[in-house]
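Line by line, the protein sequences give chains H and E.
Note that this note's numbering has the first sequence beginning at 4, numbered continuously upward.
Note that this note's numbering has the second sequence beginning at 4, numbered continuously upward.
Protein chains: 2
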Amino acid sequence: MHCDLLITNGLLKTPGHPGPDCGQPGFVAVRDGIISTMGSIAELPGGVEAARIIDARGSLVLPGLINCHNHAAMTLFRGLADDLPLMVWLQDHIFRAEARFVSSEMVYWCSKLAAAEMILSGTTTVADGYFFEDDCVRSFKEAGLRAVAAQGIIDFPAPGVPDPADNIDTGARFLQKWRGDELITPAIFCHSPYTCSAETIVRAKDLARQADCRFFIHLAETANEVVESRKLHNLSPAAYLKRLGVLDQATVLVHCVWLDDDDLRIIKEAGAGVVSCPQSNMKLGAGAAPVDKFDEFGIPAGLGTDSCASNNNLDMFREISVAAKLAKVNRLDPTLLPAGRVMEMATSGGAGVLGLSDRIGELTVGRAADIIIVDLRKPHLTPMYSVDSLLVYAASGSDVSTSIINGRLVMDNRELLSIDLPEVIGKVNEMARRLKAET
Amino acid sequence: MHCDLLITNGLLKTPGHPGPDCGQPGFVAVRDGIISTMGSIAELPGGVEAARIIDARGSLVLPGLINCHNHAAMTLFRGLADDLPLMVWLQDHIFRAEARFVSSEMVYWCSKLAAAEMILSGTTTVADGYFFEDDCVRSFKEAGLRAVAAQGIIDFPAPGVPDPADNIDTGARFLQKWRGDELITPAIFCHSPYTCSAETIVRAKDLARQADCRFFIHLAETANEVVESRKLHNLSPAAYLKRLGVLDQATVLVHCVWLDDDDLRIIKEAGAGVVSCPQSNMKLGAGAAPVDKFDEFGIPAGLGTDSCASNNNLDMFREISVAAKLAKVNRLDPTLLPAGRVMEMATSGGAGVLGLSDRIGELTVGRAADIIIVDLRKPHLTPMYSVDSLLVYAASGSDVSTSIINGRLVMDNRELLSIDLPEVIGKVNEMARRLKAET
């Protein structure tokens, strides 16, 4: 047997071993970017030749985490404006900084900084949506990060799309350009029902349908958005999207904080997916999404960090931990969103929402080799009674020692192999100095 | 000028520089465990002799974090039982495991594991309360961790105190033994109004008053506790403690989730301090403490992680981040508990609650040298517009490179100098194996 990469001696977190521990140490063999064989270490065939062997003794081997919502380039705005009323934050700080500082170059370097942060904290796939998304994709491909990358569409003059009349065509070119890419799945991100006209939303969804790609939209993030939607359309945001005919299995609704049971039924019947961003919703004072209800209604759900402007950290381990806890405190019920369920949301659940269930989200033979290794030999990861509990309530992104995406070793023993970190940090710091000087 | 330790070139977070950035690089000189001089690097006197120089270039230098609530030895129960109804978790799992596995040896080793975890994540002072607290203190002193260590008092047979009739005497011996220790401030922890009789609470507080030490008690953690208190005493838990005469400036009320305005007034008038443990309260589905009201009423407040049985992580950087966000989502107001305020709670605020304001909580000449260094040269800490925002919303405990407590270097470049980590992890894992085998 020949393989490109062989991981040995780690404890494997596989769908077959979801229990309180994950059994005996095992091996995972990777060939041509795919998990080609795996099993307990006793089953490792003799005479295996591997170009690279990673000894994962004392570590957990698990599928890479899937961040279902980010605007990666906004790392430039991390900590620029916090603890402010939502509209002051958005209009006086974020929109203003975006209008002045978002450029092709900015998106390239700041998305690369985000890629570094995500890889270092165990994310192997991200769903991103922004402007100049081509430059984000360029950055992610170099970094070796898997992405569902979506060109942003909004009915205002936007970075890279000064005339909103061009926004659909810009999206179409983006979809065309990245079609069939092994690492990048192109998509469309319509900003929201309150920043895009009905016509734009419908045209954007038509475009996505023609290309058979994901259609993302922010939905029901704040209570005020629902009030305004009812005033304007006499419908909740979800019911409004239903009336526009844009809800189906390829639509992904981001935030979904303020949904009632009617909205949940609408989303379930359409087969659409949802993404919750608990830390962003908390920090902006938006609210707590009814994540327990997503499960009750059987709605496919993933988790996202949202951007560094509203989080301000892209560590999915922090996100899963807070997601599990927010669901509990929101209903005063500690049994909601247990550790195993929130781990699913961050792996196979997220894969489903992004339409990538057959490729990522589980350690399974035949899936892409998107694998992370978590070093357990640390005080805060001692002892281990339950793998899921340890990952959700005790681990951090910094516990990820090694990351493999599509079979490529992108981080080894905390060292990024695909990104020149000092260069990226230098570039972003230089942009931040200019921003600070001008604002 | 001679000093024991000299930190150079770091950005100092001092009370004089609370603003959006902390100015020019500076130095901190330490002598006999005390901050002896500090200033901008240009003011560093020539001819300084230092036994040890730490170059903190590219790093923040800040006061160590203060964890105001822990039961350190409970690291043994990290992840033993999660996502369960509160009473099932407590009575069928935690109390049962405690009755069987808490011993002098267990408290020593498991508290040392906690000390390792806390030092590695930037905590320099912890308020601890448990049984066999002598062994916890022994462990902390060896680790070099500052603590307000409290012997637990409860009206049940408890580990180390099989006959509850001995609980006050056990507390008295503990206070006597550690009186005047440089690193350890002894105290009393009366478990709660629902697990201790009125007589026990009053006697325990009398003991604490005689010794001029802190008196801790869990209060109003769950809505049910308030309901039961009203049934039994026709008073809220806070009003009940007032009637017992045990509220004063040396009383520390832990959790305080379910307080109404009358309770807040009672606590304010008594001058008592409060401690919020947001992650524990979330994970157990207890609720969100009215932290904004603590500030509104002017009640001294600190933050704590609570134990590893209910958190399950002792990283205070995670705690401050969640505290800031929970306060916001609880009232749907993003301006509440801003980053600067939550950093205060974790430093000078906590020092005040613990009665140590003159010794710790700030980088100030004359205070104890309890100092941590945070390495900023990381993607998730780039860029930096505001020190407080970066620390609260982006940093993690693993970003702390160096830790100094009472002038002693206890962690250098992520290496623990005061703890034999493999030995401690080995001991705790062995205990966990026995626990798992027997339950």
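By construction, the Cβ of each residue, glycine as well, lies at the ideal position given by its N, Cα and C atoms.
- The beta carbon of A292(H) lies closer than 6 Å to those of C259, V260, S279 in the same chain, with the five residues before and after it left out.
- N416(E) and P425(E) have their C-alpha atoms some 18 Å from each other.
- For a Cβ distance threshold of 7 Å, residue set K328, L329, K331, V332 of chain E lies close to M285(H), ordered along the chain.
- Excluding its 5 nearest sequence neighbours in each direction, R182(E) has C-beta neighbours in its own chain below 8 Å: P189, A214, listed in chain order.
- Nearest C-alpha to T308(E) among S124(E), C71(E), F80(E), P18(E): C71(E).
- Under the Cβ distance rule, M387(H) counts among the residues neighbouring chain E, one pair being separated by less than 9 Å.
- Between K328(H) and V325(E), the CB-CB gap stays under 9 Å.
- The stretch 299-316 of chain E makes contact with the stretch 57-73 of chain E, as at least three CB pairs between them are under 8 Å.
- With its beta carbon less than 9 Å from one in chain E, S399(H) belongs to the interface.
- For the set G67(E), S43(E), M90(E), A435(E), the Cα lying nearest the Cα of L123(E) is the one of G67(E).
- Residues of the stretch 312-325 of chain H with a Cβ closer than 9 Å to any Cβ of chain E, in chain order: N314, N315, N316, L317, D318, R321, S324, V325.
- Distance from the CA of G355(H) to the CA of D264(H), rounded to the nearest whole angstrom, comes to 23 Å.
- Residue-level contact by beta carbon fails for W181(H) and chain E, as no gap is shorter than 9 Å.
- A check of alpha carbon separations from S360(E) across L394(E), P240(E), S406(E), P303(E) identifies P303(E) as the nearest.
- In this structure, V427(E) is the residue among D373(E), E101(E), V427(E), D391(E) with its C-alpha nearest to the C-alpha of P386(H).
- In the three-state scheme derived from DSSP, where H, G and I count as helix and E and B as strand, C311(H) is classed as coil.
- In this structure, A226(E) keeps its C-beta atom at 9 Å or more from the C-beta atom of T254(E).
- The three-state secondary structure of G353(H), taken from DSSP, is helix.
- Residues of chain E with a Cβ closer than 9 Å to the Cβ of V294(H) do not exist, since the nearest Cβ in that chain sits about 13 Å away.
- Fewer than three beta-carbon pairs drawn from the stretch 200-218 of chain H and the stretch 138-147 of chain H are found closer than 8 Å, and the two stretches are therefore not classed as touching.
- The continuous stretches of beta strand (DSSP E) do not include M319(E), which lies in the alpha helix (DSSP H) extending over residues 319-334.
- For I408(E), the closest Cβ of chain H is not nearer than 9 Å.
- In the three-state reduction of the DSSP assignment, V345(H) falls in the helix class.
- Put simply, of G290(E), N316(E), G400(E), K439(E) the residue whose alpha carbon is nearest the alpha carbon of I375(E) is G400(E).
- 9 Å or more divides the Cβ of C6(E) from the Cβ of A76(E).
- Taking 9 Å as the CB threshold, G290(E) lines the interface with chain H.
- Using a 10 angstroms sphere on the CB of I323(E), the tally of other CB atoms reaches 16 or more, which defines it as buried.
- Below 8 Å, too few C-beta pairs join the stretch 104-116 of chain H and the stretch 166-179 of chain H to call them touching: fewer than three.
- Less than 9 Å divides the Cβ of V64(E) from the Cβ of I10(E).
- Residue pairing by DSSP puts M414(H) in a beta bridge opposite S406(H), L419(H).
- The continuous beta strand (DSSP E) containing S43(H) extends over residues 37-43.
- Beta-bridge analysis with DSSP links T367(H) to no other residue.
- N237(H) sits exposed, since fewer than 16 C-beta atoms from the chains shown fall within 10 Å of its C-beta.
- From the listed residues A207(E), G364(E), K286(E), R334(E), the smallest Cα separation to P88(E) is found for K286(E).
- Shown here, H221(E) sits in a strand according to DSSP, grouped into three states.
- In the three-state reduction of the DSSP assignment, Q179(E) falls in the helix class, which pools H, G and I.
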